[in-house]
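Residue numbers (our numbering): 83 to 247.
Okay, so here's the structure we're looking at.
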């Protein structure tokens, strides 16, 4: 038996890891873990930076929207000021128009004259909404469809209609 135990010891010694190999494997595992953590950190930083850039872009667009709304409001106010009755009256007087009394107005009736209608309304009058028309396939019930199909399968004439002699 000493010969068998000697052979077993020889096999254990042959397949045993050298201490420097074990140390090398541990260092490799630590380096692999460090590289994995670095990749996760880089991915996290990439996602975070993209989110920050997108948030900043949204803030800029919001600021632009507010600026445009303010400009639009200022232009609407300016238009309201320019088209006010007082401003229009002042411009008419500056252009040489005079205010008249309603008793000075004279109306002339022209036979056959019809008031022109705006083009946009002429097109709208021609369009009259109607109820949508559905094809019969969409209004037929499932039971009616099945009975029709089963009826065509049972009739002997339908089976011979497609056969040529």
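Backbone N, C-alpha and C fix where the C-beta goes; we use that ideal spot for every residue, glycine too.
Just the C-alpha distance for residue i and residue j, rounded to the nearest angstrom, thanks.
i, j, result
"residue 169", "residue 184", "22 angstroms"
"residue 220", "residue 228", "14 angstroms"
"residue 146", "residue 140", "10 angstroms"
"residue 154", "residue 189", "42 angstroms"
"residue 162", "residue 178", "23 angstroms"
"residue 134", "residue 118", "24 angstroms"
"residue 160", "residue 175", "21 angstroms"
"residue 201", "residue 171", "30 angstroms"
"residue 86", "residue 103", "28 angstroms"
"residue 193", "residue 165", "35 angstroms"
"residue 173", "residue 198", "28 angstroms"
"residue 152", "residue 158", "10 angstroms"
"residue 167", "residue 186", "22 angstroms"
"residue 218", "residue 224", "12 angstroms"
"residue 148", "residue 142", "10 angstroms"
"residue 105", "residue 126", "31 angstroms"
"residue 120", "residue 114", "10 angstroms"
Nearest chain C C-beta to residue i closer than 9 angstroms, yes or no?
i, result
"residue 183", "In the structure shown, chain C does not exist; there is a single protein chain."
Starting from the C-beta of residue i, find all residues in its chain whose C-beta is less than 8 angstroms away, skip the five residues before and the five after it, and write them out in chain order.
i, result
"residue 89", "none"
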